[in-house]
Structure formats: structure tokens, C-alpha cells
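Heads up, the thing below is written out as C-alpha cells.
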Amino acid sequence: MLVKVLSPQLANMIAAGEVVERPSSVAKELCENSIDAGATSVTVEITGGGLKKLSVTDNGCGIHPDDTETAFLRHATSKISSAEDLDSILTLGFRGEALASIAAVAKVTMISKMDGKDGKITVVSAGKLLRSEPVGCPVGTTVTVENLFFNTPARMKFLKKDYTEAGYIEEAVKKLSLAHPEISFRFVSDGKEKIFTPGDGNLKSAAYAIYGKDVSSLLVPVDYTDEASGLKIGGLIGGMTLYRKNRSLQSFYVNNRCIVNRTITLALEEAFKGMIPIGCFPVAILKVDINPSLVDVNVHPAKLEVKFFEENKIYSAVYWAVKNALSVKTMPVIDAAEEKPAVRDILPRNSGAASAAYAFNSARDSGCGREYNKKYADKPSDEEIKAYKEQLKNKTENIFDFDIDKESAQAKETEPVKKAQEYEKPVRTGETKKIEGTEFVQSTLSETKGGYKIIGQLFNTYILIEEGENLVLTDQHAAHERLIYERLLKESHEKKIVPQMLLAPEVLKLTAAEFEAAVDNLDFLSELGWELEEFGENTLAIRGVPYVISKEDAKDTLTEVIDGIMDGKQSSRTEKEDRILYTIACRSAVKGHDKLTLPEAEELVKQVKESEKAVTCPHGRPVSAAITKTFIEKLFKRL
Ligand code: ADP
Ligand code: MG
Numbered sequence: 010m011l012v013k014v015l016s017p018q019l020a021n022m023i024a025a026g027e028v029v030e031r032p033s034s035v036a037k038e039l040c041e042n043s044i045d046a047g048a049t050s051v052t053v054e055i056t057g058g059g060l061k062k063l064s065v066t067d068n069g070c071g072i073h074p075d076d077t078e079t080a081f082l083r084h085a086t087s088k089i090s091s092a093e094d095l096d097s098i099l100t101l102g103f104r105g106e107a108l109a110s111i112a113a114v115a116k117v118t119m120i121s122k123m124d125g126k127d128g129k130i131t132v133v134s135a136g137k138l139l140r141s142e143p144v145g146c147p148v149g150t151t152v153t154v155e156n157l158f159f160n161t162p163a164r165m166k167f168l169k170k171d172y173t174e175a176g177y178i179e180e181a182v183k184k185l186s187l188a189h190p191e192i193s194f195r196f197v198s199d200g201k202e203k204i205f206t207p208g209d210g211n212l213k214s215a216a217y218a219i220y221g222k223d224v225s226s227l228l229v230p231v232d233y234t235d236e237a238s239g240l241k242i243g244g245l246i247g248g249m250t251l252y253r254k255n256r257s258l259q260s261f262y263v264n265n266r267c268i269v270n271r272t273i274t275l276a277l278e279e280a281f282k283g284m285i286p287i288g289c290f291p292v293a294i295l296k297v298d299i300n301p302s303l304v305d306v307n308v309h310p311a312k313l314e315v316k317f318f319e320e321n322k323i324y325s326a327v328y329w330a331v332k333n334a335l336s337v338k339t340m341p342v343i344d345a346a347e348e349k350p351a352v353r354d355i356l357p358r359n360s361g362a363a364s365a366a367y368a369f370n371s372a373r374d375s376g377c378g379r380e381y382n383k384k385y386a387d388k389p390s391d392e393e394i395k396a397y398k399e400q401l402k403n404k405t406e407n408i409f410d411f412d413i414d415k416e417s418a419q420a421k422e423t424e425p426v427k428k429a430q431e432y433e434k435p436v437r438t439g440e441t442k443k444i445e446g447t448e449f450v451q452s453t454l455s456e457t458k459g460g461y462k463i464i465g466q467l468f469n470t471y472i473l474i475e476e477g478e479n480l481v482l483t484d485q486h487a488a489h490e491r492l493i494y495e496r497l498l499k500e501s502h503e504k505k506i507v508p509q510m511l512l513a514p515e516v517l518k519l520t521a522a523e524f525e526a527a528v529d530n531l532d533f534l535s536e537l538g539w540e541l542e543e544f545g546e547n548t549l550a551i552r553g554v555p556y557v558i559s560k561e562d563a564k565d566t567l568t569e570v571i572d573g574i575m576d577g578k579q580s581s582r583t584e585k586e587d588r589i590l591y592t593i594a595c596r597s598a599v600k601g602h603d604k605l606t607l608p609e610a611e612e613l614v615k616q617v618k619e620s621e622k623a624v625t626c627p628h629g630r631p632v633s634a635a636i637t638k639t640f641i642e643k644l645f646k647r648l
């Protein structure tokens, strides 16, 4: 066989296959060159998904007129010159491959000018220099790529429809704009502007331009430095009420290079465990700043992956950076920032934040919205209204029902809630006025303490709190569920969930499959407070229950716990534990429509204020939402 050295053209075409996979890789490489050239403004324009034409214009330093042809040579780069330089790469490019590879499979026109030098136009098509001469142009560079892959029909076959390719380019530009908020990026596809970022240096404004208001308003900053290693983690993450069903809104950067990386992904998702629903993914723009000698960026043809020398340090830095950022509390706020308030917007369901949260509809979300919808779907009959009015007349005392001696088992066991009678009844300064036959009560329910005042309970489901310039609504079930879950989780880690032994065991008949799942997990369940015993065929005797569960709820809760174990057969032990604790917390928490006494409400709100985690319930629904005073005043045209 004859061994031949390939012609440079052919070698470049083969190499192009690695660097230039599709039009979006061309856009990425050209934008990276503009960024390396110190541009503050970069415009990407495409027609026909970037195959017909793709151009990138920047206002960077430009190329010296003597270098324009060299730049198209393979391994021609101005960015590194020695092997040592490989250890300290801070530019995006360094291999000198992109221009050569692109020009091997397309027609490339480069117009570039350095300050104080002549401008120059250089045209290379399929690796051949067609033109190179002076031209009048502004400082900066425009590279135009036409007829991409015209000479590599095999590559063409792998491409998708034009609009799909255009979508990939848009994604690439988005990722780059988030990496460089100091650069104003513009992306125009078939004459339509799709992206425009302000380039003001603020990541939040770039995120606003890329993701829109609903998403960006819920992003919280990450700012973490590991003093020992000098490792810095910055960026923005979605608070606990913002997440997606996939990882599409996650971008990771290392020294401002957009990369994919398993360690960072794992650390981010681990830090979000229990904060967002199972099966959902956090939203994040995470930036790792690391000494370039501690990371190898030269491990992937398209420079999409990097190798860290100390993976575990990266993992823990990202984990703690995210955890710290998450402990800053957030809640959806309904404000009248710009638009005039639409009455519909009062419902948290319509606010961006809440709709993201509501998107998740857990099957076990029983204590939540669905029940409410069912109960209130039917209009009350006239008799019911009459009875209600009657009731109102007799109960002008307080909107909290102090008479009910509901003291449900769970309330007693889970919260150190004092009996209503042990509290002094709040002083009532209100007076009763007759307004067209209905009682109208003004009352001061709770003193302002710690900067807030409980003013009532709405639909027996939300605790209303006046706090500063906001009306805060706290979902009693979501709040209680989160508090119980957090406590159980902590106790479970400390192996301290104590069973409460039942005087007489409860007997639970199961299906064969359920029974098997339970028996396989007896030890595990016992660590979580369930004292169970086999009791004949497919039957369990429940001798003890986690202390937050009442005897009445024991069987139903256990059945649900076992179902959870069966659903999550493949999942890890921590995930199983999570599911079980969610079920227990959901079952033992106060429900929506449970009337609360004022002391109960006060205790709950106090604990919510004290807890760092009480931002969402374990299913991801918000615990609290706020309506601003401005919004309310606009409703009444006071502003
Ligand atoms: P690399 O980026 O790895 O150096 P490229 O093939 O992408 O390799 O570019 C080759 C060289 O051309 C760069 O090193 C740079 O000097 C020059 N260059 C390319 N694009 C630009 C640009 N937009 N502005 C200024 N210089 C550029
Ligand atoms: Mg480059």
C-alpha cells in the first residue's frame, strides 16, 4: 500500500470535521475570536440557518494587514507561542485552527482593520486564497462565511432543518452573551433581531435580555470564594420557585469559557435537593474562576469540556456556593412596577414566579390546589349563604375560630403550639357597624412583632400578614409541610426519628407487591420511625409510627409510603428517604381549609420567619407570596 502525506487542503477538511460540526460551531468560533480581540460589541447575522450566509462583526482590535493571510493557516495563532503558555490560557482560542478549518469547507471573506493601519479584505474559499487587498473599513473585523459545507456533502446530510440550525446558533450566542455581560451581543436571523444584550457589564441585565422578565426576576446571585484555593464561584441561580423539567436553562463557565461538566452539574443539583420537586432541574448561570494552571482546557476538539486537576474541590465549592445563595429567602411578589395592574394578576397563579412553581403538579399534591378547586367549584346555595350569614352574626369575635377544640393529634405532636386558652385573647379595639344588613368587623388581631402583624386567615388556607410595605400570604399547608420535612430530615441524619408506639397495633392488609416492598425495606422504614412486623399473609402490624403521624393516619400514610418506595425502586437511598419524608410531612401538616387559631398561626409564621428553608414546600410550591402596597394603591387609583 502506498502511504502518502495528505495535501494541506484535504488535511484541513478532515480537521474541519472536528472543529466545525454545524453552523453553530462556526458562529461560536467566530464570536470567540471577537471576544479575544477585546470587542465590546458583536453582531451575528445569518440567513438560511447559517448555511447560506453567516457573518460576525466586531469592534475589536482588528488584524494587522500583514497577518490577514497567515491567520487562515492551520496552527496560526497570535494567542500562544510556547508550551508553557498552555498552562495559562485565558483566551478562548489558542489552537489557531478555526479560521483554517472554516475556510476549508466554505467561502470566507474577512474584512479587518487595526487602529492606525490600512483595512484589508481577504477571501479564502475551500482553502484557496482568492483575494487579498486593501479596503476602506472601520476598526474591527467582519468575517462572512458563505455556502458552508458546499464541498463536503456528507456533512450536509447530518444537518437539520434551517430553523433548527438557526436555533442552535441562537443558543450558542445566548451562552456567549451570558459569559460576557460586558459585551453587547446582537443576533439577527433572516432579518429578524432575536437577541440584543445591553453590554453594561451586569449579568442580571444580560439574563433579562436572554430569558425575559419572569425568569430573570427570580434569579439570585451566587458569590463564593474559597479562600484557600482562590477558587471563585459567581453567577445567578433560580431561587427555589424557579426550575425546569430539563437542563436547558443551565449554563456553566470556567474562566468565561462555556463548558459542559458533570461535576458542576452534580454539585448544583445536589445543592438543590429537597428545594425543588423531584424530576425537576435548577436554573443556573454558574461561573467558576480558577487559576488556569489548575484546569486543562485542551481536552476537547470544540473546547467544550475541561479537565479539573482537583475535581472534589470544584464540587464542594459549587455545592456551598449554591447552598449559600439559596439560603437568601425569596418569594414571588406581585408588584405594579410598570403595567397598570390587571385584576387577574392578583392571583399568584398568574405571576411568572408562581406559574413556574405551579407547573409542577405532583400526584401527591393532595393538600394543595386541587382540593380547593373542587370544594369551591360549586356556588353555595341560597340556604348556605343564609346559614353563613347567621354564623357570621354569631361570630363577630374574631376571624380565627377560638372555639374549635380541634387540637388534632398532629398539631399537638408536631408543633409546640400552646392551647388557645393558654393565650390571652387578643384585645379587640374594633367596633361593629351595620352595612346593609351584614356585619362588618374591624379588629386588631395581633400586635406587630418582629416587623410583621398577622391580620387574618383567607379561605382557611392562607395566613395574611402585614409586613412592611407588603401584604404577605403564607400557605399554611406548604409552610407547615416544609418545616416538618426539614425537621425530619435533620433528625433522620442524626438517626433520631423516634417512633411513637401505639397502644394497640394497627393491622394493614397489602397487595403481594406492596407487602414485598415493605418487607424488603423493614430496616430502612424502622430508621424513619416505623415499627412494623409481618403479621400473616400480606399483612403488617404497625406497632409504632413516626412521632408526627397520628394513629388515625397511620395506615393511609404507610400505604402511601410503600407506594412511594415501589415507584422509586430504582432511585438512590437518599431519594427514597426524601420521598418517604415528603409523604410523612405532607400527611402530618395542617391542611388547606383547616381553621387555625391565632396562636397556631402565630407559631407557624414565627417558625417560617426563623427557617431558612421555608421558601417552598417540598413539592416546590411557594410558601409565601407578597402583594405590594403600591400594587394595591394602584388598584384603588390612589397612585
Ligand atoms: P485561534 O483563535 O485559536 O488563535 P483562529 O483560527 O480562530 O485561531 O484565529 C487565528 C488568528 O486570527 C487569531 O489568533 C487572531 O490573531 C486572528 N483573528 C481571528 N479573528 C479575529 C478577530 N475577529 N479580531 C482580531 N483578530 C482575529
Ligand atoms: Mg479562534
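Heads up: the sequence shown begins at 10 in the numbering used here, then just goes up one per residue. Where is the CB? At the ideal position from N, CA and C, for every residue including glycine.
Tell me which same chain residues have a C-beta within less than 6 Å of the C-beta of residue i, skipping the five on either side of it?
i: Tyr461; result: Ile474, Glu476
i: Ala418; result: The predicted model places Ala418 with a pLDDT of 32, which falls under 50 and marks its position as unreliable; any figure quoted below should be read in that light. Closer than 6 Å at Cβ, skipping near neighbours: Ser559.
i: Ser260; result: Lys184, Leu187, Ile294
i: Phe318; result: Leu303
i: Arg140; result: Val132
i: Asn265; result: Ala188
I'd like to check one pair, residue j with residue i: are the Cβ atoms closer than 8 Å?
i: Pro555; j: Gly538; result: yes
i: Phe194; j: Val51; result: yes
i: Leu82; j: Ala115; result: no
i: Ala487; j: Cys289; result: no
i: Ile8; j: Ala293; result: With the chain running from 10 to 648 in the structure shown, residue 8 is simply not present.
i: Lys129; j: Pro143; result: yes
i: Glu569; j: Ser501; result: no
i: Val306; j: Lys312; result: yes
i: Arg552; j: Leu511; result: yes
i: Gly102; j: Lys88; result: yes
i: Thr173; j: Ser43; result: no
i: Ala175; j: Gly59; result: yes
i: Pro291; j: Leu275; result: no
i: Pro508; j: Thr250; result: no
i: Val29; j: Cys40; result: no
Sort out for me which residues DSSP pairs residue i with in a bridge.
i: Met119; result: Thr131, Val152
i: Val263; result: Arg266, Val297
i: Val51; result: Asp67, Phe194
i: Arg253; result: Phe290
i: Glu142; result: Ile130
i: Asp305; result: Lys316
i: Ser633; result: Thr483
i: Gln18; result: Paired residues: none, contrary to the question.
i: Leu492; result: Note: Leu492 sits in no beta bridge, so no partner.
i: Pro508; result: Pro555
i: Thr625; result: Pro631
i: Tyr471; result: Leu467, Asp484
What residues in its chain sit with their C-beta under 8 Å from that of residue i, if we drop five residues either side in the sequence?
i: Glu348; result: At Glu348, the pLDDT of 43 sits below 50, so the modelled position is not reliable and the matter cannot be decided from this model.
i: Glu186; result: According to the sequence provided, residue 186 is Ser. The question's Glu does not apply to it. Correct list, in chain order: Ile192, Phe194, Ile204, Thr206, Ala215, Ala218, Ile219.
i: Leu467; result: Leu473, Leu482
i: Val14; result: none
Closer than 7 Å by C-beta to residue i: which residues in its own chain qualify, once you throw out the five before and the five after it? Chain order, please.
i: Glu495; result: Ser620, Lys622
i: Leu648; result: Thr639, Glu642
i: Lys427; result: Low local confidence applies: a pLDDT of 33 at Lys427 is under 50, so the model's placement there is unreliable, with the coordinate-based value given in what follows. Cβ within range, chain order: Pro608.
i: His309; result: none
i: Ile493; result: Thr423, Val557, Ala594, Ser597, Ala598
Check: Can you list the beta strand (DSSP E) stretches of 3 or more residues lying completely in the region 169-246, in chain order?
Finding: If we require 3 residues or more, the beta strand (DSSP E) runs fully inside the region 169-246 come out as 193-198, 201-205, 228-235.
Item checked: the region 62-82 in contact with the region 217-224 per 3-pair CB rule at 8 Å -> Remark: fewer than three beta-carbon pairs, one from each stretch, lie closer than 8 Å, so the region 62-82 and the region 217-224 are not flagged as touching.
Next item on the list: Tell me, please, whether the region 222-233 touches the region 319-334 by the rule of three or more beta-carbon pairs shorter than 8 Å.
Entry: Yes: the two stretches touch, three or more of their Cβ pairs being nearer than 8 Å.
Notebook entry, point to check: Touch check for the region 142-159 and the region 58-69: three-plus C-beta pairs under 8 Å?
Noted result: Judged by pairs of C-beta atoms under 8 Å, the region 142-159 touches the region 58-69, as three or more such pairs exist.
Checklist line | the region 121-136 in contact with the region 93-113 per 3-pair CB rule at 8 Å | finding: The region 121-136 vs the region 93-113: in contact.
Notebook entry, point to check: Which parts of the region 538-596 are runs of the beta strand (DSSP E), unbroken and 3 residues or longer, counting only runs that do not cross its ends?
Noted result: Counting whole runs of 3 or more residues, the region 538-596 contains the beta strand (DSSP E) stretches 540-543, 548-555.
Next item on the list: Check whether the region 521-529 touches the region 631-645, counting contact only when three or more Cβ pairs, one atom from each stretch, lie closer than 8 Å.
Entry: No: the two stretches stay apart, fewer than three of their Cβ pairs being nearer than 8 Å.
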